[in-house]
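When you read off a place in the sequence shown, starting at 1, and then add 378, the result is the number in my numbering. The structure under discussion appears below in the form of structure tokens.
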Amino acid sequence: MMKIDAHQHFWRYDAAAYPWMSADMQVLKRDWLPDDLRPLLEVQRIDACIAVQARASEAETDFLLMLATQYPWIAGVVGWIDLRAGDIEHRLARWLEAPALAGFRHQIQDEADVAAFVGDARFRRGLRLLQRQQLTYDILVFAHQIEAIVPLCRDMDQHWLVLDHLGKPRVRARDHDEWRRAVTPLAAMPHVLCKVSGLVTEAMDAAGELHSDDLRQYLDTALELFGPSRLMFGSDWPVCLLATSYARTAALIESWSARLARAERDALWCGTAQRAYSIG
């Protein structure tokens with residue numbers, strides 16, 4: 379079985395470029411590059427990864443696509459583009475021939491008014507263009523913002539949308555029932571996929587203890603709502619290091635998914651990501 383890490387990041391650290399890295403994120407404040415990740419993938423027998431943007435800059439897209447040309451195991455790139463730009467067709471055109479280009483993302487979670495942002499006619503025009511080009515769009519929101527993106531997801535059904543990090547439930551606060559109600563409408567949309575990623579940082583308490591039992595409740599619900607063919611594994615490395623190691627991040631999902639049938643595990647660890655990001 380091939381295995382894909384469908385969500386991780388690379389960067390050359392620059393404080394001004396990554397303002398979201400707060401004072402308590404010192405472990406992230408350095409360069410994190412493919413040579414740092416490759417040994418971790420090999421230990422876990424993971425064959426390939428999807429590199430996802432971590433800052434709102436078209437230079438980020440160029441940087442990740444450049445890395446993908448140097449490291450063939452970077453199977454896809456989820457870059458950044460200003461979907462509201464009046465000349466978005468021109469901006470997008472220069473990347474369309476890049477073999478690794480798989481999709482785009484924006485840190486919607488950081489917008490002051492998520493409903494207004496995703497309801498903007500310019501944003502929707504840009505997203506429709508991506509879908510016509512068969513490019514996937516990753517959606518990054520907090521759990522309390524999910525309701526605001528439901529109309530967008532319902533309208534944008536011409537290609538895959540991917541909910542990152544299960545919609546960032548507040549595992550520490552045990553908001554399971556509230557999160558379940560929020561995410562259920564998305565699960566009813568066949569074109570919306572979901573990443574089993576970014577959860578260890580949400581499950582770590584103030585004392586630095588990782589509550590993996592609490593986390594499994596969210597995983598079980600995601601499996602129930604979306605099914606294995608619409609879930610994909612992602613480590614969120616190196617952000618996961620805020621809570622635990624890459625090995626433990628992968629092991630948690632390995633342990634949880636061991637009860638699944640072989641075809642279901644194949645979907646979680648490879649097939650869904652291949653379908654979502656057109657990886658051969």
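Ideal Cβ positions, reconstructed from N, Cα and C, are used throughout, including at glycine. Every value quoted in this text rests on a predicted model; they were computed, and no experiment measured them.
In chain order, what residues of the same chain have a beta carbon less than 7 Å from the beta carbon of residue i, not counting five sequence neighbours either side?
i, result
"Tyr655", "Ile428, Gly454, Ala480, Gly481 and Thr514"
"Gly497", "none"
"Ile631", "Val574 and Phe611"
"Pro616", "His387, Leu406 and Trp410"
"Arg608", "Leu571, Cys572 and Thr650"
Does the separation of the CB atoms of residue i and residue j fall below 8 Å?
i, j, result
"Asp516", "Gly576", "no"
"Asp553", "Ala521", "yes"
"Trp451", "Thr439", "no"
"Arg483", "Gln448", "no"
"Leu507", "Glu467", "yes"
"Leu518", "Asp542", "yes"
"Val549", "Leu593", "yes"
"Leu419", "Asp383", "yes"
"Gln511", "Gln536", "no"
"Thr622", "Leu588", "yes"
"Ala565", "Pro606", "no"
"Lys381", "Trp647", "yes"
"Phe501", "Arg469", "no"
Let me confirm a value: residue i is counted as buried when at least 16 other C-beta atoms fall within 10 Å, else exposed. Which label applies?
i, result
"Pro477", "exposed"
"Asp413", "exposed"
"Tyr596", "buried"
"Met379", "exposed"
"Asp598", "exposed"
"Met534", "buried"
"Pro663", "In the structure as shown, the chain begins at 379 and stops at 658. Residue 663 is therefore absent and cannot be evaluated."
"Ser400", "exposed"
"Ala625", "exposed"
"Gln404", "exposed"
"Arg643", "buried"
"Trp398", "exposed"
"Ala499", "exposed"
"Gly545", "buried"
"Ala394", "exposed"
"Ala600", "buried"
"Ala471", "exposed"
"Leu530", "buried"
Per DSSP, which residues does residue i bridge with? Please list them.
i, result
"Cys427", "Asp383 and Ile452"
"Val574", "Phe611"
"Gly457", "Phe482"
"Trp410", "Trp389"
"Leu588", "Met582"
List the endpoints of the continuous beta strand (DSSP E) containing residue i.
i, result
"Arg483", "Leu479 to His484"
"Leu539", "Leu539 to Leu541"
At least one CB of chain D closer than 8 Å to the CB of residue i: is that the case?
i, result
"Leu518", "The question asks about chain D, but that chain is absent: this structure has only one protein chain."
At what residues does the alpha helix (DSSP H) containing residue i begin and finish?
i, result
"Tyr515", "From DSSP, Tyr515 is part of no alpha helix (DSSP H) but of the beta strand (DSSP E) over Thr514 to Ile517."
"Thr713", "With the chain covering only 379 through 658, there is no way to say anything about residue 713."
"Ala526", "Ile524 to Asp533"
"Gly504", "Ala499 to Arg510"
"Val561", "His554 to Ala565"
"Ala432", "Counting along the chain, Ala432 falls outside any alpha helix (DSSP H), and DSSP gives it neither H nor E."
"His468", "Ile466 to Ala471"
"Glu489", "Neither: Glu489 is in no alpha helix (DSSP H) and is coded neither H nor E."
"Gln652", "Thr650 to Tyr655"
"Ala347", "Any answer about residue 347 is impossible in this case: the structure gives the chain only from 379 up to 658."
So, for residue i: in the same chain, excluding its five sequence neighbours on each side, which residues have a beta-carbon less than 6 Å away from its beta-carbon?
i, result
"Ala628", "Gln422"
"Thr579", "Leu620 and Ala621"
"Phe604", "Ala565 and Cys572"
Among the residues of its own chain, which have a CB less than 8 Å from the CB of residue i, if the five just before and after it don't count?
i, result
"Ser590", "Ala581 and Leu630"
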